[in-house]
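Novice: Below is a structure I'd like to ask you about.
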Amino acid sequence: MSRYRDRNKRPGRSKATRTPRQRILVVCEGGVTEPSYLKRFQAFVKNQLVEIIYEDGEGDPQFVVTTARDFKTKAARRAQSENDSNLDFDRVWCVIDVDDHSRLDQARIMALDHGIELAISNPSFELWLLLHLRESPGSRKQDAIRSLLKQKQHWPTYQKEVLSVHFKDCETGYHQAVIRAKKLDELAASIREPGKNPSTGVYRLTEEIRLGFASPGNESLPGS
1 MSRYRDRNKR
11 PGRSKATRTP
21 RQRILVVCEG
31 GVTEPSYLKR
41 FQAFVKNQLV
51 EIIYEDGEGD
61 PQFVVTTARD
71 FKTKAARRAQ
81 SENDSNLDFD
91 RVWCVIDVDD
101 HSRLDQARIM
111 ALDHGIELAI
121 SNPSFELWLL
131 LHLRESPGSR
141 KQDAIRSLLK
151 QKQHWPTYQK
161 EVLSVHFKDC
171 ETGYHQAVIR
181 AKKLDELAAS
191 IREPGKNPST
201 GVYRLTEEIR
211 LGFASPGNES
221 LPGS
């Protein structure tokens with residue numbers, strides 16, 4: 001074999017490897033406050049390994065879960081037909097309130113059947129916002145939570161009907177909100193009433209956006 005290299009042959013170039021992004025579908029019951037907060041939160045944490053697709057699922061919880069199921073099914077079919085797993089969703093979330101919805105139990109069952117995660121707030125998403133600013137006020141109706149949120153010492157400019165959720169208003173209290181929400185979950189579990197008023201599972205979604213999540217071949221969490 002010759003000791004000399006073929007000068008006309010270019011050396012092979014190593015292919016750059018790129019960590020695949022985790023795709024999350026988030027379907028929100030509310031069309032303004034929830035996506036406004038989550039999009040700003042996503043921009044704040046700057047986790048480039050997570051890609052989030054937001055869809056409007058305004059309606060009762062069962063309609064929201066149905067919307068999520070349909071989008072999940074379409075994405076899976078497209079991924080299969082184009083032989084591209086990157087088109088599928090790694091996780092699907094629904095952000096819903098308890099309020100006085102009568103079909104919440106049906107929504108839970110449907111979500112379980114289709115592998116959909118639920119971020120449920122009781123009574124409403126605004127409890128999650130309030131936990132950035134103070135401890136839980138105890139069991140309250142949605143209107144009472146909103147009134148507390150709008151108090152002068154908290155967030156007097158808050159309006160649900162407009163795009164008013166700037167994450168900078170919540171930034172300093174985020175980690176406290178997670179701690180407070182977890183405590184509410186632990187309390188509810190201790191009395192065997194998961195999801196009782198007050199409680200919120202939004203922190204499970206936001207922590208997934210912040211850190212990523214473990215999946216086959218991805219046991220470590222980015223940023224952890």
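Just so we're aligned: the sequence shown equals residues 1 to 224 in UniProt numbering.
Just so it is clear, CB atoms sit at the ideal spot from N, CA and C, and this is done for glycine as well.
The model shown is predicted, which means the values in this text are computed figures rather than measured ones.
1. In the structure shown, what three-state DSSP assignment does Gln-151 receive?
2. So, does the segment 168-180 touch the segment 195-213, judging by three or more C-beta pairs under 8 Å?
3. What is the residue span of the beta strand (DSSP E) that Asp-70 lies within?
4. Tell me the DSSP secondary structure of Asp-105 in three-state form.
5. If we count the other Cβ atoms within 10 Å of its Cβ and call it buried at 16 or more, is Arg-23 buried or exposed?
6. Looking only at C-alpha atoms, which of Arg-108, Ser-36 and Arg-40 sits nearest to Val-98?
7. Assuming Arg-23 is part of the beta strand (DSSP E), what are its boundary residues?
8. Measuring only the C-alpha atoms, how far is Leu-163 from Thr-33?
9. Helix, strand or coil: which one does DSSP assign to Tyr-37?
10. Is it the case that the Cβ atoms of Phe-41 and Ile-209 are separated by a distance below 8 Å?
11. Which residues in the same chain have their Cβ closer than 8 Å to the Cβ of Phe-213, if we skip the five residues on either side of it in sequence?
12. Helix, strand or coil: which one does DSSP assign to Val-202?
13. In whole angstroms, give me the CA-to-CA distance for Arg-77 and Leu-87.
14. Going by DSSP, what residue range makes up the alpha helix (DSSP H) through Tyr-54?
15. List the residues that DSSP assigns as beta-bridge partners of Ala-188.
16. Any idea if Glu-29 is buried or exposed, counting beta-carbon neighbours within 10 angstroms, 16 or more meaning buried?
Specialist: So, from the listed chains and residues:
1. Locating residue 151 in the sequence shown gives position 151, where the first residue counts as 1. Here Gln-151 sits in coil by DSSP.
2. At 8 Å Cβ cutoff, the stretches touch.
3. Counting from 1 along the sequence shown, the entry for residue 70 is found at position 70. Unbroken run through Asp-70 is the alpha helix (DSSP H), 61-81; no beta strand (DSSP E).
4. For this step, residue 105 is matched to residue 105 along the sequence shown. If DSSP states are grouped into helix, strand and coil, Asp-105 belongs with the helices.
5. As a position in the sequence shown, residue 23 is number 23, starting the count at 1. Classification of Arg-23: buried, given that the 10 Å Cβ count is 16 or more.
6. Within the sequence shown, residue 98 is the residue found at index 98, counting from 1. Checking every option, the nearest Cα to that of Val-98 belongs to Arg-108.
7. For this step, residue 23 is matched to residue 23 along the sequence shown. Element bounds for Arg-23: 22-28.
8. Walking along the sequence shown from the start, residue 163 turns up at place 163. Walking along the sequence shown from the start, residue 33 turns up at place 33. Only weak support exists for where Leu-163 lies, its pLDDT of 48 falling under 50; the value from the coordinates is given anyway. Roughly 7 Å between the two C-alpha positions.
9. Translated into the one-based positions of the sequence shown, residue 37 becomes position 37. The answer is helix: DSSP assigns Tyr-37 an H, G or I state.
10. Position 41 of the sequence shown holds residue 41. Position 209 of the sequence shown holds residue 209. At a Cβ-Cβ threshold of 8 Å, Phe-41 and Ile-209 count as neighbours.
11. Locating residue 213 in the sequence shown gives position 213, counting from the first residue. Excluding positions up to five away in sequence, the list reads Gln-22, Asp-90, Arg-91 and Leu-221.
12. As a working note, residue 202 is residue 202 in the sequence shown. In this structure, Val-202 counts as helix in the three-state DSSP scheme.
13. In the sequence shown, the residue the question calls residue 77 occupies position 77. In the sequence shown, the residue the question calls residue 87 occupies position 87. Within the model, the alpha-carbon separation for Arg-77 versus Leu-87 is close to 9 Å.
14. By one-based count along the sequence shown, residue 54 stands at place 54. Run containing Tyr-54: none in the alpha helix (DSSP H); it sits in the beta strand (DSSP E), 50-56.
15. Counted from its first residue, the sequence shown places residue 188 at position 188. BP columns for Ala-188 are empty, so no partner.
16. Taking the first residue of the sequence shown as 1, we reach residue 29 at position 29. Label assigned to Glu-29: buried.
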